[in-house]
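Number of protein chains: 2
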Amino acid sequence: MTEFQFDDHTLTANTIRGLAMDAVQKANSGHPGMPMGMADVATVLWSQFLRHNPKDPKWANRDRFVLSAGHGSMLIYSLLHLSGYDLPMAQLKQFRQWGSLTPGHPESHLTPGVETTTGPLGQGVANAVGFALAEAWLAAKYNRPGLPIVDHFTYAIAGDGDLMEGVSQEAASLAGHLGLGKLIVLYDDNHITIDGKTDVAFTEDVLARFAAYGWQTMRVDGHDAAAVQVAIEVARAEEKRPSLIACRTHIAYGSPNKQDTSKSHGSPLGDEEIRLTKAALGMPVDETFFVPGRVYEYMGGDGAAQAAWQELFAHYAAAHPEAATEFQQVMVGGLPEGWEASLPTFAPGSSPATRASSGKVLNAVAQAIPNLLGGSADLAGSNLTTLNGESFWQKGDFSGRNIHFGVREHGMGGIMNGMMLHGGVRAYGGTFLVFTDYMRPSMRLAALMELPAIYVMTHDSIGLGEDGPTHQPIEHVMSLRVMPNMMVFRPADANETAVGWQVALASSHTPTTLVLSRQGLPTLDPAVAAGAVRGAYVVSDADNFQAIVMATGSEVSLALNAQQQLAAEGIAVRVVSMPSWELFEQQSAEYKESVLPTAVSARVSVEAGTTIGWERYVGLRGKSIGLDRFGASAPAEVLFEKLGVTETAVVAAVKELV
Amino acid sequence: MTEFQFDDHTLTANTIRGLAMDAVQKANSGHPGMPMGMADVATVLWSQFLRHNPKDPKWANRDRFVLSAGHGSMLIYSLLHLSGYDLPMAQLKQFRQWGSLTPGHPESHLTPGVETTTGPLGQGVANAVGFALAEAWLAAKYNRPGLPIVDHFTYAIAGDGDLMEGVSQEAASLAGHLGLGKLIVLYDDNHITIDGKTDVAFTEDVLARFAAYGWQTMRVDGHDAAAVQVAIEVARAEEKRPSLIACRTHIAYGSPNKQDTSKSHGSPLGDEEIRLTKAALGMPVDETFFVPGRVYEYMGGDGAAQAAWQELFAHYAAAHPEAATEFQQVMVGGLPEGWEASLPTFAPGSSPATRASSGKVLNAVAQAIPNLLGGSADLAGSNLTTLNGESFWQKGDFSGRNIHFGVREHGMGGIMNGMMLHGGVRAYGGTFLVFTDYMRPSMRLAALMELPAIYVMTHDSIGLGEDGPTHQPIEHVMSLRVMPNMMVFRPADANETAVGWQVALASSHTPTTLVLSRQGLPTLDPAVAAGAVRGAYVVSDADNFQAIVMATGSEVSLALNAQQQLAAEGIAVRVVSMPSWELFEQQSAEYKESVLPTAVSARVSVEAGTTIGWERYVGLRGKSIGLDRFGASAPAEVLFEKLGVTETAVVAAVKELV
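Have a look at this one:
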């Protein structure tokens with residue numbers, strides 16, 4: 015057996031370097047340079063600081079670790095493996111292969127110990143802010159004097175790409191504003207990016223920028239373990255500001271020919287260079303996937319921290335049994351028994367905007383769901399996302415449930431993901447529907463990570479009116495429908511809005527986008543609107559109907575008016591309200607056929623958005639009333655008229671078909 | 015006639031305040047507070063500095079002015095009107111009405127003198143960086159000693175929302191990196207946002223942040239005209255750094271009850287408050303849309319600056335006739351005569367990736383089109399966007415045509431828009447297709463503004479392979495197809511790729527997204543592939559075909575293989591290559607019928623992305639082979655097999671239908 019003269023730290027860091035080189039080489043694809051460069055920093059963090067339990071990756075009060083620079087996935091897989099998580103060597107050898115637990119970028123729904131899915135840059139930093147915020151709120155809500163059951167750090171490793179991305183900048187600004195002292199970001203300052211040296215495009219003073227956000231900043235040699243250790247200690251000691259530690263590292267550390275070059279960023283080093291590197295590092299050149307036993311010993315996590323916490327929690331539970339039960343419930347993530355009883359129904363007779371109804375439903379269900387919290391990207395008064403009687407989070411006071419995200423839609427999306435991933439909170443966030451474009455990468459990651467986030471998207475069409483085409487969604491509803499695992503729900507009235515919230519809250523593995531109107535919409539009979547839970551239903555039928563008109567949201571009342579007009583002319587039409595394609599597609603073939611009988615080919619859809627896609631339901635011979643152009647600035651009713659989304663258009667389309 | 019004791023400046027600023035209040039009140043919708051707060055700053059800028067000619071809004075060397083905080087549109091409409099642009103008072107009175115030139119947010123394709131469409135926050139700042147970059151490149155390319163025909167400033171007014179958005183942060187970082195001394199941003203530091211005071215979410219040190227980016231920063235009282243004037247002079251004198259001037263202003267300045275409150279942000283002040291405000295400002299309370307003649311005199315632009323420039327240009331043209339001709343051509347925006355001759359064709363026999371072919375086409379056409387320039391968001395080696403023999407822009411050297419955008423997709427999109435709006439350059443930008451999500455708001459604005467930007471989007475499907483689902487587009491092609499005025503082109507081979515570039519370059523009012531493969535694809539007969547110019551064409555026919563298989567991009571070769579397999583089993587199939595839905599929809603009904611005859615209802619589509627939308631062509635009885643789930647991390651060929659995008663699947667689908 016090889017004897018090493020290294021200390022445990024160096025042996026571990028070099029072992030990680032070897033695993034990264036070997037796994038990338040075996041896969042013939044991947045990013046070896048980053049894990050090799052950050053091996054020292056990561057080893058210090060995981061061996062000296064990270065409080066976790068590899069045997070229980072979901073322990074509530076564990077420290078959270080985010081690898082924002084997700085392309086360096088072999089770093090976290092190595093750390094997980096060496097620490098004793100359920101990620102055996104066989105998995106490391108299956109890096110980037112079908113069905114393995116070691117995909118090219120870390121995926122939280124797949125691999126034990128991976129806290130978040132990263133790769134799209136900047137997202138991990140925003141997620142980390144979300145983790146720290148969830149911790150702050152849970153601590154404010156559940157901790158009791160002498161019984162800090164929620165008390166952990168959030169660590170993230172970020173690269174230059176992460177820090178160049180706008181999403182990280184938005185989130186970092188909010189983290190500074192809110193003074194998240196338990197957030198520590200380790201910046202892999204390796205001076206190398208895919209296109210070459212970072213200074214070809216990135217010469218700003220990163221530390222000064224973070225200081226401007228209100229962060230504590232430090233700079234260390236990322237290969238000096240002692241210096242890294244001191245820096246992390248200093249960061250942990252700062253309670254009122256998040257910390258950024260710039261770690262000067264060398265990408266592909268140890269590689270004689272590829273260290274400090276972009277060649278090591280996204281390609282295998284090659285067998286010969288790997289041998290040279292192992293020799294230079296003092297590791298056995300002929301071994302692959304080599305792990306000395308001492309490294310397992312050094313890195314292996316035990317359950318001591320969790321055991322101590324469990325003792326604390328036992329005291330807590332004895333002193334505060336109700337809070338303890340609630341804490342356990344919210345951490346598991348379910349909803350309280352009987353929460354549906356809090357869902358309101360609305361009597362016909364008035365015509366509130368669905369955004370207004372949404373605000374009412376939200377406030378009602380928030381009474382029953384103690385960990386439902388969220389806010390808006392500076393449009394709270396328009397999105398109606400504020401919980402009455404709750405305060406807004408501010409530095410040092412996280413007792414409320416309202417969040418001012420600022421004009422930071424993308425940051426909001428990434429932070430919501432982090433909060434949901436942390437566990438213990440159920441997050442919602444709002445803006446205008448058109449601005450889903452600003453946060454789409456985070457929404458996609460919520461869908462991929464199977465997080466039941468709730469997006470409260472208002473001003474959902476040209477019904478927004480005078481603000482004009484920059485603010486009027488056209489393609490947005492359809493562009494969200496085509497995103498895998500995204501539930502889109504566009505309710506027609508107050509009662510369908512309540513169903514939308516019901517569906518969104520009951521979801522456990524799918525995010526939901528609620529698509530809500532600015533303008534008032536007549537309230538349907540709640541017994542009828544309850545059909546919305548199946549995604550599409552007959553909202554108004556007619557004997558021997560000759561045609562089907564299907565509509566969503568604000569266009570359902572328009573379709574119902576057209577139905578009356580057609581009835582007066584002797585044409586019988588069925589009207590189908592279709593708030594959610596996704597839900598409808600989940601129904602049985604029988605149900606679908608009962609709503610849209612194949613025999614009826616005279617079909618018209620009406621939705622104030624793109625018509626592309628509606629052929630799924632109207633077929634090649636049907637007609638779709640909608641908008642395949644941008645909107646315009648004018649009062650809403652003028653726009654519907656001028657742009658041809660009208661009863662007249664629906665009536666004409668039906669007549670043409672029957 | 016009223017006599018005013020005010021100086022011209024104050025009278026002008028108060029006149030703007032009156033116009034903003036009156037127009038918003040008349041429209042019963044809009045944002046009066048911002049124009050009222052920034053009236054002093056804007057008056058100083060436009061009266062003392064802005065070099066322009068209201069009679070020729072497209073004068074090549076005018077200063078550019080960007081109202082990034084586009085919700086304050088009445089500010090720019092007032093300025094344009096008072097300066098003598100073709101925006102008569104009747105238009106101001108039609109603010110936010112159908113068909114007017116004064117929409118809710120400024121629209122550059124609509125209103126003379128509006129340089130860019132703003133409203134979605136942060137975009138204007140990125141546009142301004144683009145304007146300044148275009149100026150820097152044109153100056154480097156066309157100026158000659160003593161003959162600076164390109165020499166102007168770019169000014170932008172931005173609010174706190176603009177500066178919170180990630181897109182502005184990305185662009186500002188690049189502007190600092192590149193040392194854009196002629197870029198001057200005036201920050202409306204009014205301490206008020208829609209949700210209340212800015213300090214509820216935004217307490218960072220904005221000036222320190224910009225200083226960290228490498229900007230010159232200043233702070234002035236935004237109601238002290240002399241101080242604003244000095245600050246702008248200092249900013250203009252700084253040649254090596256962009257400047258940020260924080261102007262402390264009071265939103266709704268002059269309003270006794272609404273100044274300094276968020277109530278004045280997005281709502282009319284109300285008739286009574288308007289009267290009170292006019293009284294407080296010393297303006298006639300009973301007049302609406304009131305403009306004293308002195309104000310027109312003070313603000314009215316004459317043609318002197320342009321006349322002087324034209325004299326300079328005459329000297330230039332005499333000394334450098336060829337350069338002068340080229341400069342005039344590029345500023346008009348057309349392409350050089352005969353540029354199509356530079357388009358390469360590719361002989362069958364090899365199988366390059368379409369991204370590789372794209373790189374070859376780009377380099378070929380760039381020889382013929384002198385102002386074609388662009389780059390990648392740190393993926394130049396993957397997107398193959400680099401022009402051989404050209405340098406990359408760096409501080410002080412803009413002579414080349416390559417740009418390192420850094421890991422800043424959204425900033426890239428906004429900057430490209432600004433460059434195109436400036437005129438004189440034809441911009442392209444690349445990243446992985448999946449990261450169009452990061453820049454979607456800018457792409458949408460390019461479509462709305464009718465800018466022929468070119469997006470080089472590579473790694474267009476699960477064919478990307480091991481990087482996994484975070485990097486594999488599924489919904490992206492369809493989500494771009496549903497965007498109005500966006501041309502999407504997904505070529506099947508090298509020759510279709512050349513057609514795609516041809517279409518993109520020939521476009522004058524529509525942006526194009528080129529969707530390119532990572533993996534190799536067999537080259538088609540160029541004579542056949544030329545059919546791609548019609549969006550869809552028969553790439554391989556069969557006598558008495560019983561079914562049609564339509565495919566795009568990498569799936570065309572798969573469809574052709576399936577055709578052969580089916581032919582061997584006696585089933586005749588037509589294969590249609592369909593690189594662009596948008597182009598196909600522009601063809602005549604006859605052509606469309608000739609490609610997809612109505613009589614043939616056995617139709618199969620195959621595209622390695624979402625199937626939603628394909629019903630448009632396959633109908634309710636057709637079948638779509640695609641992916642309605644996220645991808646996975648594995649080698650590409652494994653993914654196609656495991657996820658069922660295969661010849662076998664196409665063959666089975668056809669058999670089921672015929």
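Which chain is which? The protein sequence lines are G and U, in order.
In case it helps, my numbering puts the first sequence at residues 15 to 672.
In case it helps, my numbering puts the second sequence at residues 15 to 672.
All C-beta atoms, glycine included, are put in the ideal place defined by N, C-alpha and C.
All figures in this text were calculated on a predicted structure; none of them were measured in a lab.
Amino acids of chain G, ordered along the chain, whose beta-carbon sits closer than 8 Å to that of residue i
i, result
"F406/U", "V214"
Partners in chain U for residue i, counting only beta-carbon separations shorter than 9 Å
i, result
"A226/G", "E218, D219, V220, L221, A222, R223, F224, A225 and A226"
"M564/G", "Ordered by position in chain U, no residue passes the 9 Å Cβ test against M564/G, which lies about 14 Å from the chain."
"M492/G", "M492, S493, V496, I626 and G627"
Residue i: contacting residues in chain U (beta-carbon distance under 8 Å)
i, result
"T207/G", "D392, G420 and V421"
Presumed contact (8 Å Cβ cut-off) between residue i and residue j, rounded CB distance
i, j, result
"F644/U", "P498/G", "5 Å"
"D557/G", "L538/G", "Actually they do not touch by this definition, with Cβ atoms about 21 Å apart."
"P270/G", "A189/G", "Contact flag wrong, Cβ pair sits at about 40 Å."
"G443/G", "S390/G", "7 Å"
"L656/G", "W595/U", "At residue 656/G the sequence reads Lys, which differs from the Leu that was named. So it is not a contact: roughly 26 Å between Cβ atoms."
Nearest to residue i (by Cα), restricted to the options the options
i, options, result
"L25/U", "Y310/U, Q243/U, W515/U and L597/U", "Y310/U"
"G395/G", "L447/G, R369/G and P384/G", "R369/G"
"E354/G", "G482/G, P536/G, V517/G and D642/G", "V517/G"
"T29/U", "Y267/U, A215/U, G84/U and R223/U", "Y267/U"
"H205/G", "Q230/G, P162/G and S278/G", "S278/G"
"V590/G", "V542/G, S364/G and A582/G", "V542/G"
Residues of its chain near residue i, where Cβ-Cβ distance is below 8 Å and the 5 sequence neighbours each way are ignored
i, result
"R158/G", "Y330, A333, H334 and A337"
"I626/G", "M492 and D642"
"V618/G", "A561, I562, V563, M564, V632, G636, K637, S638, I639, V664, A667, V668 and L671"
Contacts around residue i, its chain only, beta-carbon distance under 7 Å, and the 5 residues preceding and following it disregarded
i, result
"S122/U", "V128, E129, T130, T131, L435 and M463"
"L177/U", "Y201 and V220"
"M15/U", "The predicted model places M15/U with a pLDDT of 44, which falls under 50 and marks its position as unreliable; any figure quoted below should be read in that light. Cβ neighbours of M15/U beyond the five flanking positions: none."
"V529/G", "L447, M471, D474, V491, V502, F503, R504 and G567"
"Q533/G", "A367, G477, S568 and A650"
"G414/G", "E404, S405, F406 and W407"
Same chain, Cβ closer than 6 Å to residue i, five either side skipped, listed in chain order
i, result
"A34/U", "P46, P49, M50 and M88"
"I2/U", "A question about residue 2/U goes unanswered here, because the residues of chain U that appear run from 15 up to 672."
"F224/G", "T231 and L258"
"N36/U", "First, the amino acid is wrong: residue 36/U is Asp here, not Asn. Only T302 and F303 meet the Cβ criterion."
Residue i: contacting residues in chain G (beta-carbon distance under 7 Å)
i, result
"T624/U", "V496"
"V614/U", "The premise fails here: V614/U is roughly 12 Å from chain G at the closest Cβ pair, so nothing lies under 7 Å."
Residue-chain proximity (residue i, chain C), Cβ-Cβ < 7 Å
i, result
"H66/G", "Among the protein chains in the structure shown, which are G and U, there is no chain C."
Under 7 Å from the C-beta of residue i: neighbouring residues of chain U
i, result
"G190/G", "E218"
"I488/G", "P498"
Beta-carbon neighbours of residue i, restricted to chain G and to distances below 9 Å
i, result
"D411/U", "Those within 9 Å of D411/U in chain G number zero; the least Cβ separation is about 12 Å."
"F598/U", "Under the 9 Å cutoff, chain G gives no residues; its nearest Cβ is about 13 Å from F598/U."
"E480/U", "A41, N42, S43, G44, F109, R110, Q111, P117 and G118"
- Task: Scan the stretch 366-398 of chain G for residues whose Cβ lies nearer than 8 Å to a Cβ of chain U and list them as they occur along the chain.
- Result: S390, D392, L393, A394, G395 and S396
- Interface residues of the stretch 647-660 of chain G facing chain U [CB-CB below 7 Å]: Within the stretch 647-660 of chain G, the qualifying residues are S647, A648, V652 and K656.
- Item | Selection of the stretch 438-470 of chain G by Cβ proximity to chain U, strictly under 8 Å | Residues are counted here when their Cβ sits less than 8 Å from a Cβ of chain U; for the stretch 438-470 of chain G these are V448, F449, D451, Y452, R454, P455, R458, L459, A461 and L462, given in chain order.
- Message: Please list, in chain order, the residues of the stretch 124-157 of chain G that have any C-beta partner in chain U closer than 7 Å.
- Response: T131, G133, P134 and L135
- Task: Check each residue of the stretch 508-519 of chain G: if its Cβ is closer than 9 Å to any Cβ of chain U, include it; give the result in chain order.
- Result: none
- Task: Using a Cβ-Cβ cut-off of less than 8 Å, list which residues of the stretch 27-47 of chain U approach chain G; keep chain order.
- Result: A41, S43 and G44
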